[in-house]
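Visitor: In our numbering, the protein residues as written are 2 to 476. Take this structure first; my questions come after.
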């Protein structure tokens, strides 16, 4: 039987080892496998637990502790059914001060430790996405420095808590069609006052951080919606309900490239009443923030646009917006791409799998036979669903690149959106032809007019009889 090496270590060393463990799962394992570790932990449970919690959540631990210790106050639909409809809107109970941002108090329970780990993992994944989108496109893991990471994570934890307190189920029982308009207005004002009460104690810069993270989360939801359907359901149909389901569901939607997790959670919380409560949800966080800024006589931050990225400076000390395109040698702001972030383009209009045929050269983009084959081949690259197809597609086209793109030597060289669109237009038909040959499918003789042939658009027989995935040879 192997000897227990912990017997050679002092109690102080053992305590330091336990404090340096990365997560609670490792801590529990260490305590279970060693009697000395168990005894050391039993002597200092609060100190060790707090230190491991810091390792899990980082400097934003006070915000994370408040989040896990705040009670979930979702309203049950059975409770709604027992109320007298004639009484109008029932009172809202938010319990805003049920927890505070602190690391003091009793040690985290096992359940709270598990919740903290889940929330911290969500914040870490969101930070990775935020970093490669705005900080460093060459890395899929966060390159935020310690200060930037702290700003981002505390805003995510606060946004999570905000959605936990003001969750959609709180509004499911409110009948905005009730005859007593004054009572509905009073309920709305109480709700708005409660939201402002939650936000008003934060410092001005912290409010801007929260505002920036809210727009980042909305962008992710829009991306997931467009990636899965080809249109933005989150903004058009659900609006601020997207934020109310919380960062975890938004991250889940982003990871699978579908809006379904957000929609399903919203429908569950609202008991299917998606169209009735919009007056209460509209401006979910922007309205109370704007009210606070107006009261403080502070100019609200500008919304993020392609030309104005000021809002991201509330979290980042520097924003990657002055890179030069490898192909056109122009600085095109933040919309610069390479292999590390091509997947993100799948949630944009031009590069979505359902719209990619619009980038085909010449008349191919209007030819049903070609479009159907293209979508079939692209769908194969999208399996499994969590694997984005665009990186695989561009990688394969890169191996087919024509001499005019010799200056583009590396898939990690940054290129702008316009140049990438042109590259795909010049090579998508070549890739499609290569996939046909690789599959052993017969390739017909070339049409004289190639991809510029107009007959292929309205004559299916001609479209299939000759190959049009080629350049025009007769003029």
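Don't be surprised by glycine CBs; every beta carbon is placed ideally from N, CA and C.
Could you give the first and the last residue of the continuous alpha helix (DSSP H) run that contains residue 357?
Guide: Counting along the chain, residue 357 falls outside any alpha helix (DSSP H), and DSSP gives it neither H nor E.
Visitor: Identify which residue in 115, 41, 286 and 54 has its Cα closest to the Cα of residue 195.
Guide: It is 286 whose Cα lies nearest to the Cα of residue 195.
Visitor: With DSSP collapsed to three states, give me the class of residue 442.
Guide: Residue state, collapsed to three classes: coil.
Visitor: Would you kindly check if the distance between the Cβ of residue 244 and the Cβ of residue 218 is under 8 Å?
Guide: Yes, these two residues count as a Cβ contact at 8 Å.
Visitor: Would you kindly check if the distance between the Cβ of residue 450 and the Cβ of residue 430 is under 8 Å?
Guide: Against a cut-off of 8 Å, the Cβ pair of residue 450 and residue 430 comes out as no contact.
Visitor: Is the beta carbon of residue 9 closer than 8 Å to that of residue 1?
Guide: Residue 1 lies beyond the stretch modelled for the chain, which goes from 2 to 476, so this question has no answer here.
Visitor: Helix, strand or coil for residue 245 per DSSP?
Guide: In the structure shown, residue 245 sits in a helix (DSSP, three-state: H, G or I).
Visitor: Whole angstroms is fine: what's the gap from residue 209's alpha carbon to residue 203's?
Guide: Approximately 10 Å, taken between the alpha carbons.
Visitor: Please report the distance separating the alpha-carbon of residue 186 from that of residue 419.
Guide: Between residue 186 and residue 419, the C-alpha separation is close to 49 Å.
Visitor: Indicate the three-state DSSP secondary structure (helix, strand or coil) for residue 228 in the structure shown.
Guide: Here residue 228 sits in helix by DSSP.
Visitor: For residue 241, does the count of other Cβ atoms within 10 angstroms reach 16, so buried, or fall short, so exposed?
Guide: Label assigned to residue 241: buried.
Visitor: Taking all protein chains shown into account, do 16 or more other C-beta atoms lie within 10 angstroms of the C-beta of residue 26, making it buried, or fewer, making it exposed?
Guide: Burial call: exposed.
Visitor: For residue 247, count the other beta carbons within 10 Å of its own beta carbon; 16 or more makes it buried, fewer makes it exposed. Which is it?
Guide: Buried: at least 16 other Cβ atoms inside 10 Å.
Visitor: Measuring CB to CB, does residue 227 end up less than 8 Å from residue 152?
Guide: No, the pair does not count as a contact, with Cβ atoms beyond the cut-off.
Visitor: Using the C-alpha atoms, what's the distance from residue 149 back to residue 361?
Guide: Their backbone Cα atoms lie some 41 Å apart in a straight line.
Visitor: Measuring CB atoms only, is the region 331-341 touching the region 412-426, in the sense that at least three cross pairs come out at less than 8 Å?
Guide: Cβ pair count under 8 Å is three or more, so yes.
Visitor: For residue 263 and residue 408, what's the separation of their Cα atoms in angstroms?
Guide: Cα-Cα distance, rounded: 43 Å.
Visitor: To the nearest angstrom, how far is the alpha carbon of residue 43 from that of residue 340?
Guide: Those two C-alpha atoms are separated by around 49 Å.
Visitor: Taking the alpha helix (DSSP H) that residue 47 falls in, what are its first and last residues?
Guide: Element bounds for residue 47: 46-58.
Visitor: From residue 89 to residue 283, what distance separates their C-alpha atoms?
Guide: Per-residue confidence for residue 89 stands at a pLDDT of 46, beneath the threshold of 50, marking its modelled position as unreliable; the derived number appears in the next sentence. Straight-line Cα distance between these residues: approximately 21 Å.
Visitor: Quick check on DSSP: helix, strand or coil for residue 268?
Guide: Correct three-state label for residue 268: helix.
Visitor: Helix, strand or coil for residue 97? Go by DSSP, reduced to three states.
Guide: It is helical.
Visitor: Taking residue 1 as part of the alpha helix (DSSP H), name the residues at either end of that continuous run.
Guide: The shown model of the chain, from 2 to 476, leaves out residue 1, and the question about it has no answer.
Visitor: Thinking residue 67 and residue 101 are a contact (beta carbons under 8 Å), I'd like their distance in whole angstroms, please.
Guide: Sure, about 6 Å apart at Cβ, within 8 Å.
Visitor: Residue range of the alpha helix (DSSP H) that residue 151 falls in?
Guide: Unbroken alpha helix (DSSP H) run through residue 151: 147-166.
Visitor: Give a yes or no on whether the C-beta atoms belonging to residue 302 and residue 197 are separated by under 8 Å.
Guide: Going by C-beta atoms, residue 302 is not nearer than 8 Å to residue 197.
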